[in-house]
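**Student:**
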Amino acid sequence: MELICVFIIFLVDLSSIMLATGHTDPPTDVRIDIIDNTAIISWMIPSNQAVMWSRIQLNDSKDDNVFLDSRKPYKDIPFPYSSFEIANLKMCSEYYVGVKFIGQDGNSEYTIQTFWMTNTTFTAEIHESVTLSWRTSLTELFSVIAPMGVIYMVEFDSNIISNTGGTKFKFDVKTLDVSTINITVSTVTKADAGLYRSSQNYYRDMNNNGCCVLVVTTTPENPVLTIDHKHPFVNDNITFTCTATVQRWPRYIPSNISYQFFGITRGYINNNKLILNKLTKSDKDIAISCQATDDLGKVSNMSESIILDPYYGPDNVLVKPDYTVINVTEGTVLGPIHCTADCNPKCIFNWKFRRTKNLALVNSYQNLTVVDIQKNQAGIYRCSVIHPYDKKIRSKTDIVVNVQYSSQIRELWLSDKIENNEWSNAKIYSFNEVVNLKIKLSIESNPDPQLVLSTSLITFPPLRYTKKGIDFLSELPSLRCEDSGNYTIQAFNGINYGDTRSVNLMIYCKPRNVILDLKKIGTKLNRTEDIVMQIVSFPKPTVEWTRTTGFIWMVQKDKYDYRYRIYSAINIESEDDFGEYGIRVCNRFGCIVENITVSFEDGIGAVTKEYIGMFAAGITTLVVGLIVLIPGTIFVIRKYLMNI
C-alpha cells in the first residue's frame, strides 16, 4: 500500500463525447492535477491541427454547469496555451471536465474526464489488502461509503453499525474516535477502486465530509519492444520503443512508467525510446530487451528480445579468378567465373553482357560460364549485385572478355601505289624491280597477326605494318627480277595455323649482270670466234651487234625466266675484222652495251674450251660456223684454235 498526498487523477472516456460540428481531432492526454482545492487542467494540442481556441467546460456530479467565466459556463483558451486552473472547487466532490478544439477546419468533439477533488489517494495492487484512512468533522449520524455502497453508519453516541458482512472490509467498531476513519480493504479488485467518503447523505455527493480515493493497479504488463526499421541497414540510425501499460481502476490512469534497456551499452535513452546511431556490422546478433517500472516501483517482466541483424552490402564485389581482362580462344569455354559480394542477407546476382551500348542479361547466378564462346560474344561482362530488400542499393564489377581467334585473310591488294581503295585477289602480280611494292591485307584476327613473306627457298623477316581497322598496310622488301616466283603471305597469331595467300610475282628489270667468257680475244685470219655471254633480264631480251658481223644472236632461257645465255660468232676474214665489237642487249625496260676486242695474235696454240648448253623448244637452225641445234639434245661446242 502506498500513500500519495498529491496525485493526478483523470479518467479518459473517449466514448463520452459531446457532438461538435467540425472535423478537427479531439484533444488527447487530458490531465488533472489536484493541489488543495484547485484543479489544474492540461492537454495536448496536435501540431497538425489548425487549432485557434481550446474550450473548457466543467460540470459537477449533479450535471450542473460550473461557470468558468462570469457570464458563460465555459472558457475559451487561445492557442498555443494548453492549461487552465480552476480554483475553489468543493473537496471530496466529483466533477466532469470537457475539452474541445475550435479550429479553422471546424470544431472537434469534447474529450470528457472525471475526477474527484481530494489530496488523499491510496494505491493498492490487485489482490492485495490496503488500509484507507481520512478524517471527518462529523461525529454522529453519518455514513462511511465505498464505491459499492455503505460500509458502516455512525449513530447517536458514536455507535458504529456495520452495513457489510464477511471479511471484505475491516474496521474497529469499538473505536471511540469515529472522526478518524480507518478501513482495511482485503484482496482488492477493480470493483473496489474509487471514492471512499464520509457523508451525512448517501445520495448527495456535495455534502461529503472527508474522503480518499483508492486506485487499484497491476504490475506493469509485459512490455512490447518494437523497432522503427523493419530491416535496418548498416549506418542507419534506429530507434527502439518499449511500450508497457499498467491497469488502474476506476479507469486507466497514467502511471509514469520508466524504462530500462538491456543488451547494448551504447546509444541514448529518451523516455521509452533507445536511439542507436550508425549501426555497424559488429552489431549483428546483439539481443536487446527492455523492462518497465511504474511510479510505485513495480517492475515488469523482461520483454522479448530483438536480435540485431543489420543489413549491408553489396560491398567488395569481386570476381574469382581475379581478372579485369580475360583472353579466351574462340570455341573454348569461358569460366566459370565466380562473383562474390559482402551482403546480408544474400544479395541478388545478375551477369550482364554489353557489346555495344546496351546491357543484356546473361544469367541470374553467381557463376558465369559461356560454352563454345564465339567472337561476337566478346565485350564487357558485368556482375551486378542488388540488395534483395532495397533494389536501389546495388554495386557492380566489370570484366573485359577478349575472344581470340585465328587469323583469316579476307582480301589482298598489291600495288606500287601508296593507297588504293580497290581490292584484288589476283594470283599473279607483275611490277618493275625499281618500285617498292605495297601490300594491303584485310584480316580478321585477334590478336593481331605476324605477316610473313616466304618462298620455297627463303623466309623474310616479319613485315612491319600499320593497322586501320581490319586493314593491314605494309611494304614488301626490295625484290629484284631474279626474285620472281611464287610467294606465300602468311598471317599468323599463334592460334591454329593462321591463314595464307599465294601469289606469283613477276618482277621486271632491264638487262644487267652480263657475264662474258672473254672480253679480249686473240686470233688469226680466217678463223671464227664463238661468243658466249650470260645476262639477267625480264622479259626476254633482244641482242644485236653494233657493227656488221654477218652472224646473228641466239637467246636461250636458262632454268629461270629471268636468266639467259646468248650465243653468236665473229668470222675473221680480213684485217678489217679485227677491232672492237659492241653488243647491245635490250628489253622494254632499257638497254645495255657490252664491248669485246678482237686482236691479231701469233703463236696461238691449240686450246680447247667446252661450252655446255641445254636447248629446248622447237627446231631451230642457226648457221654460225659448225653449230646446229636440235630439240632435246645436249651439244658440246668445241672451239679449235690451230697453232700457228
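Letter by letter, the sequence shown follows residues -22 to -1, 1 to 622 of mature numbering (1 follows the signal peptide of the UniProt record, and there is no 0). Positions of the beta carbon are idealized from the N, C-alpha and C atoms, including for glycine.
Comparing C-alpha positions only, which one of Ile264, Gln386, Gly275, Pro292 sits nearest to Pro366?
**Tutor:** Pro292
**Student:** May I ask you to list the residues that DSSP assigns as paired with residue 623?
**Tutor:** What the structure shows of the chain is the stretch from -22 to 622, and residue 623 is not part of that stretch, so it cannot be assessed.
**Student:** Helix, strand or coil for Glu553 per DSSP?
**Tutor:** Glu553 sits in a helix when the DSSP states are folded into three classes.
**Student:** Touching or not, the segment 67 to 81 and the segment 27 to 42, by the rule of three or more beta carbon pairs under 8 Å?
**Tutor:** yes
**Student:** Look at the alpha carbon of Leu312 and the alpha carbon of Ser362, and state the distance between them as a whole number of angstroms.
**Tutor:** 18 Å
**Student:** Pick out whichever of Ile351, Val212, Val378, Pro425 has its Cα sitting closest to the Cα of residue 627.
**Tutor:** Residue numbering for the chain in the displayed model covers -22 to 622; residue 627 lies beyond these limits and cannot be assessed.
**Student:** Starting from Leu203, follow the beta strand (DSSP E) in both directions and report where the run begins and ends.
**Tutor:** 202 to 205
**Student:** On the criterion of 16 or more Cβ atoms from any shown chain inside 10 Å, does Ala319 qualify as buried, or is it exposed?
**Tutor:** buried
**Student:** In its own chain, which residues sit with a C-beta less than 7 Å from the C-beta of Gly528, not counting the 5 before and 5 after it?
**Tutor:** Residues Asn549 of the same chain have their beta carbon placed closer than 7 Å to that of Gly528, with the five preceding and five following residues left out of the count.
**Student:** Taking just the CA atoms, how far does Lys276 sit from Ala102?
**Tutor:** 11 Å
**Student:** Compute the Euclidean distance between the alpha carbons of Met95 and Phe211, then round it to the nearest angstrom.
**Tutor:** 52 Å
**Student:** Exposed or buried, what is Glu551 when buried is set at 16 or more other beta-carbons lying within 10 Å of its beta-carbon?
**Tutor:** exposed
**Student:** Give me the residue from Asp38, Asp263, Met484, Lys251 with the minimum Cα distance to Lys405.
**Tutor:** Met484
**Student:** Please report the residue range of the beta strand (DSSP E) in which Pro455 lies.
**Tutor:** Segment: none, Pro455 is in no beta strand (DSSP E) and carries neither H nor E.
**Student:** May I ask you to report which of helix, strand or coil DSSP gives Asp287?
**Tutor:** coil
**Student:** Since Ser462 and Phe516 are thought to touch, with beta carbons under 8 Å apart, how far apart are those beta carbons, to the nearest angstrom?
**Tutor:** Yes, they are in contact, since the Cβ atoms of Ser462 and Phe516 sit about 7 Å apart, within 8 Å.
**Student:** By Cβ distance below 8 Å, which residues in the same chain neighbour Val413 in space, the five residues on each side in sequence not counted?
**Tutor:** Closer than 8 Å at Cβ, skipping near neighbours: Asp394.
**Student:** For the beta strand (DSSP E) that contains Glu72, what are its first and last residues?
**Tutor:** Bounds of the beta strand (DSSP E) holding Glu72 are 72 to 81.
**Student:** How many Å lie between Gly560 and Glu522 at the Cα?
**Tutor:** 9 Å
**Student:** How many Å lie between Gly472 and Glu422 at the Cα?
**Tutor:** 14 Å
**Student:** Leaving out five residues on either side along the sequence, give the residues of the same chain with a beta carbon under 7 Å from the beta carbon of Arg458.
**Tutor:** Glu411, Ile485, Cys487
**Student:** Over what stretch of residues does the beta strand (DSSP E) that includes Tyr130 continue unbroken?
**Tutor:** For Tyr130, the uninterrupted beta strand (DSSP E) segment begins and ends at 127 to 132.
**Student:** If we count the other Cβ atoms within 10 Å of its Cβ and call it buried at 16 or more, is Ala547 buried or exposed?
**Tutor:** buried
**Student:** If you reduce the DSSP assignment to three classes, tell me which class Asn255 lands in.
**Tutor:** coil
**Student:** Pull the bridge partners of Val29 from the DSSP assignment, please.
**Tutor:** Gly81
**Student:** Which partner residues of Thr347 appear in the DSSP bridge assignment?
**Tutor:** None, per the DSSP bridge assignment.
**Student:** Return the chain-ordered ranges of every alpha helix (DSSP H) run that is complete within the segment 323 to 407 and spans a minimum of 4 residues.
**Tutor:** none
**Student:** Candidates His209, Val481, Gln225, Phe218: which alpha carbon is nearest Phe239's?
**Tutor:** Nearest option by C-alpha distance: Phe218.
**Student:** Beta-carbon within less than 7 Å of Pro427's beta-carbon, same chain only, minus the 5 sequence neighbours each way: which residues are those?
**Tutor:** Ser385, Ile421, Ala469, Phe470, Asn471, Gly476
**Student:** Touching or not, the segment 280 to 289 and the segment 255 to 267, by the rule of three or more beta carbon pairs under 8 Å?
**Tutor:** With the rule of 3 Cβ pairs closer than 8 Å, the segment 280 to 289 counts as touching the segment 255 to 267.
**Student:** State the beta-bridge partners of Thr117 as determined by DSSP.
**Tutor:** For Thr117, no pairing in a beta bridge is given by DSSP.
**Student:** From which residue to which residue does the beta strand (DSSP E) around Asp11 run?
**Tutor:** Per DSSP, the continuous beta strand (DSSP E) segment holding Asp11 begins and ends at 6 to 13.
**Student:** Taking Cβ positions, are Asn297 and Thr375 nearer each other than 8 Å?
**Tutor:** Sequence check: residue 297 is Val here, not Asn. Closer than 8 Å, so yes.
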